[in-house]
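Participant: First the structure, which I've put down as structure tokens, then a few questions once you've had a look.
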DNA sequence: TATCATTGTTCCATTATTTGGAACTTAATT
DNA sequence: AATTAAGTTCCAAATAATGGAACAATGATA
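Chains as they are written, first to last, in full-length UniProt numbering: chain F, 1 to 265; chain U, 1 to 265.
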């Protein structure tokens, strides 16, 4: 249902809103538009209830109902997201430094933030080829098998980290994906010590990265930046060398935030 | 508050969800993160009520609350949008044709869809410069002063069109922006006859475009594609010539939809 | 074409959630 | 320290959501 094997859904108790968000998650995570009956089976709710809920979501533009009675994510979500992205302070401050890093290495640079158990990518800077927008931006990826994710986890206080790891369900994307909290925890402690993380083809075979953690002082944003590329071009030795520029860029981003947002944060 | 002078908000009666969406609109349309008291003034609700509503929105990740007590759009919106965009059938089918059109003309090509009184841009294909993602995609623009918007309006049945125009409030972005329903209606009738529309620097001074309408058979998508560029490079004569390739591309997109989605739609 | 099965929609008494005023806590200001 | 403003919690009353069942529309089958 979700290419990442992860869901953003969390059965929180937010009353009416919470129930509706579960539905929205259901439809947006599906691979294709869903029929009423499909959703009925997935949601396990009385028909009348479900029908009214879907109607409300459609009326608000969060879902769309086509001529064949299939529900798809609504375009109003795009408008919300465009605004959310355009004014995100963290991203705005980071952007020039991501570009510099891309220029210096010639490889793709990412910026991601931890939200729940997922990393949400806020920006991506590639080389020449025109970026397919949204290709990566906005995507939620697992935190336990991405460089940015592990870098972000290394920022958590011990207790929160253990709690988060306890709630993870591991999917083995490649042969080197972590599949237990123990080995992951060990690596995260190491990352916390050295200040940078690798992705050794753990999410996608043939793809490696080096990442460094970045955070805002109020801990609203805990994430990382990474340099990503094909394993044949990025030897582990090269990635070790690049751990320096990534960390430097991360430092400059955090300095930028202090200047721009004031010392209070 | 909104750079377009437009709002996507519509005071529908969707109970609890509707009220929460008004709040979400408020925060996402603001130019900067808002404090509790700011929202209190704007929303005009009792403090207790507002507080709980905001808490729910934050718990669901639709809003975020930073260390200074300021509310900003939540990043979960990005995840939703990324999914909404990645699988949008209309966009997927249109994409190769947009590229062709961009190649043929060398100018920027847009795909937009009518939603309420706004055009939501689904895609944008530019020339060499790496696209700043979300730069245009997802943005909601007024329908009455954009090429895509007027092309989309030309698809509406007479009655719906009149209703929609009656509800518009016109903002004079440039000297040539339509500021009355009468002149706009006249032009839209003309557009419906000839099958293509111009934007004669009506939204932004110095920017012109030619657009052609595109729609799905079930009328779920009523929008258009356009070629846009600076007035000094795009003479009205050239735009008249380009009305042919835009219409051809529009035709191919619609043909593609019929093939891909089956004859039933 | 008539019949049956499936899918989707509406209704309304019951149940649960939201509401909003006020009391309360905390932070900022004089 | 006193005062004001900002943010949070509480609970009886008002409102909205629920879910079972009846109803309608669609589509498949004989």
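Here a beta-carbon is modelled for each residue, glycine too, at the ideal position from N, C-alpha and C.
Check each candidate in U:198, U:21, U:200 and name the one with the smallest Cα separation from residue 56 of chain U.
Facilitator: Of the candidates U:198, U:21, U:200, the one whose C-alpha sits nearest the C-alpha of residue 56 of chain U is U:21.
Participant: In chain order, what residues of the same chain lie with their CB nearer than 8 Å to the CB of residue 40 of chain F, ignoring the 5 residues before and after it?
Facilitator: Only 47, 50 meet the Cβ criterion.
Participant: Closest Cβ-Cβ distance between residue 80 of chain F and chain U: below 7 Å?
Facilitator: By this cut-off, residue 80 of chain F is an interface position.
Participant: Taking 6 Å as the limit between beta carbons, can you name the residues of its chain near residue 102 of chain U, skipping five residues before and five after?
Facilitator: Excluding residues within five positions, the ones whose Cβ falls inside 6 Å are 109, 125.
Participant: Relative to the C-alpha of residue 152 of chain F, which residue among F:163, F:96, F:86, F:211 is closest?
Facilitator: Residue F:211 is the option with its Cα nearest to residue 152 of chain F.
Participant: Strictly by DSSP, which residues pair up with residue 125 of chain U?
Facilitator: Its beta-bridge partners are U:109.
Participant: So, at 8 Å on beta carbons, what are the nonlocal neighbours of residue 223 of chain U in its own chain, with the 5 sequence-adjacent residues on each side left out?
Facilitator: Taken in chain order, the residues that qualify are 90, 111, 112, 113, 114, 119, 122, 148, 151, 152, 213, 214, 215.
Participant: In whole angstroms, what separates the C-alpha of residue 177 of chain U from that of residue 16 of chain F?
Facilitator: The alpha-carbon atoms of residue 177 of chain U and residue 16 of chain F are separated by roughly 43 Å.
Participant: Given that residue 73 of chain U touches chain F, what residues does it touch there, using C-beta distances under 9 Å?
Facilitator: Under the 9 Å cutoff, chain F gives 80, 81, 83, 84, 85, 87, 88.
Participant: Give me the residue from U:209, U:195, U:227, U:256 with the minimum Cα distance to residue 217 of chain U.
Facilitator: Closest by alpha carbon: U:256.
Participant: In three-state DSSP terms, what is residue 118 of chain F?
Facilitator: Here residue 118 of chain F sits in strand by DSSP.
Participant: When the cut-off is 7 Å and only beta carbons count, does residue 258 of chain F lie next to chain U?
Facilitator: Residue 258 of chain F does not count as touching chain U.
Participant: Counting only beta-carbon atoms, is residue 19 of chain F nearer than 7 Å to chain U?
Facilitator: Residue 19 of chain F does not count as touching chain U.
Participant: Output, in chain order, the set of chain U residues within a Cβ distance shorter than 9 Å of residue 69 of chain F.
Facilitator: What residue 69 of chain F touches in chain U: nothing, since even the nearest Cβ is about 10 Å away.
Participant: Using DSSP's beta-bridge definition, name the partner residues of residue 199 of chain F.
Facilitator: Its beta-bridge partners are F:209.
Participant: Quick one: does the C-beta of residue 244 of chain U sit closer than 6 Å to a heavy atom of the ligand MN?
Facilitator: Only the bare structure without any ligand can be found here, which leaves the ligand MN out of the picture.
Participant: Out of F:62, F:236, F:172, state which residue places its alpha-carbon closest to the alpha-carbon of residue 208 of chain F.
Facilitator: Ranking the options by Cα distance to residue 208 of chain F, first place goes to F:236.
Participant: Give the single residue among U:185, U:199, U:200 whose Cα lies nearest to the Cα of residue 193 of chain U.
Facilitator: Selected option, being the one with the closest Cα: U:185.
Participant: Could you tell me whether the Cβ atoms of residue 315 of chain F and residue 220 of chain U are closer together than 7 Å?
Facilitator: Outside the shown range of chain F, which is 1 to 265, sits residue 315 of chain F, and nothing can be said about it.
Participant: Could I get the ranges of all uninterrupted beta strand (DSSP E) runs contained in the segment 3–78 of chain F, with 3 residues as the minimum, in chain order?
Facilitator: Complete beta strand (DSSP E) runs here, min 3: 63–65, 70–73.
Participant: Are the beta-carbon atoms belonging to residue 138 of chain U and residue 78 of chain F less than 7 Å from one another?
Facilitator: Their beta carbons are under 7 Å apart, which means residue 138 of chain U touches residue 78 of chain F by this criterion.
Participant: Please go through the same chain and pick out, in chain order, the residues whose beta-carbon is closer than 8 Å to the beta-carbon of residue 253 of chain F, but skip the five residues on each side of it.
Facilitator: For residue 253 of chain F, where only same-chain residues beyond five positions count, the Cβ hits under 8 Å are 93, 94, 97, 214, 225.
Participant: Over the uninterrupted beta strand (DSSP E) stretch that includes residue 225 of chain U, give me the two end residues.
Facilitator: 222–230 is the extent of the beta strand (DSSP E) around residue 225 of chain U.
Participant: Among the residues of its own chain, which have a CB less than 8 Å from the CB of residue 136 of chain U, if the five just before and after it don't count?
Facilitator: These residues qualify, in order along the chain: 110, 121, 124.
Participant: For residue 66 of chain U, would you say it is in contact with chain F, using Cβ-to-Cβ distances shorter than 7 Å as the test?
Facilitator: Taking Cβ atoms only, chain F reaches closer than 7 Å to residue 66 of chain U, which makes this a yes.
Participant: My output table needs one value for residue 216 of chain U: the three-state DSSP class, helix, strand or coil.
Facilitator: In this structure, residue 216 of chain U counts as coil in the three-state DSSP scheme.
Participant: Closer than 7 Å, CB to CB, is residue 223 of chain F near chain U or not?
Facilitator: False, the Cβ-Cβ gap to chain U never drops below 7 Å.
Participant: DSSP three-state label for residue 320 of chain U, please.
Facilitator: Past the edges of chain U, shown from 1 to 265, lies residue 320 of chain U, and the structure says nothing about it.
Participant: Can you tell me where the alpha helix (DSSP H) holding residue 184 of chain F begins and where it ends?
Facilitator: Residues 181–194.
Participant: Could you tell me if residue 203 of chain F is buried or exposed, where buried requires 16 or more neighbouring beta carbons within 10 angstroms of its beta carbon?
Facilitator: Residue 203 of chain F comes out buried.
Participant: Quick check on the burial criterion: 16 or more other C-beta atoms within 10 angstroms. Buried or exposed for residue 14 of chain U?
Facilitator: Result: buried.
Participant: Given that a residue counts as buried once 16 or more other Cβ atoms are within 10 Å of its Cβ, and exposed if not, what is residue 240 of chain U?
Facilitator: So residue 240 of chain U ends up on the exposed side.
Participant: Roughly how many angstroms separate the alpha carbons of residue 24 of chain U and residue 81 of chain U, rounded to a whole number?
Facilitator: Going by the C-alpha atoms only, they are around 15 Å apart.
Participant: Can you check whether the CB of residue 172 of chain F is closer than 7 Å to the CB of residue 179 of chain F?
Facilitator: It is a contact, given that the beta carbons lie within the stated cut-off.
Participant: What are the boundary residues of the alpha helix (DSSP H) that residue 286 of chain F is part of?
Facilitator: Residue 286 of chain F cannot be examined here, being either before or after the span of chain F that is shown, 1 to 265.
Participant: Return the chain-ordered list of same chain residues with a C-beta closer than 8 Å to the C-beta of residue 200 of chain F, the five sequence neighbours on each side being excluded.
Facilitator: Same-chain partners within the cutoff: 176, 208, 236.
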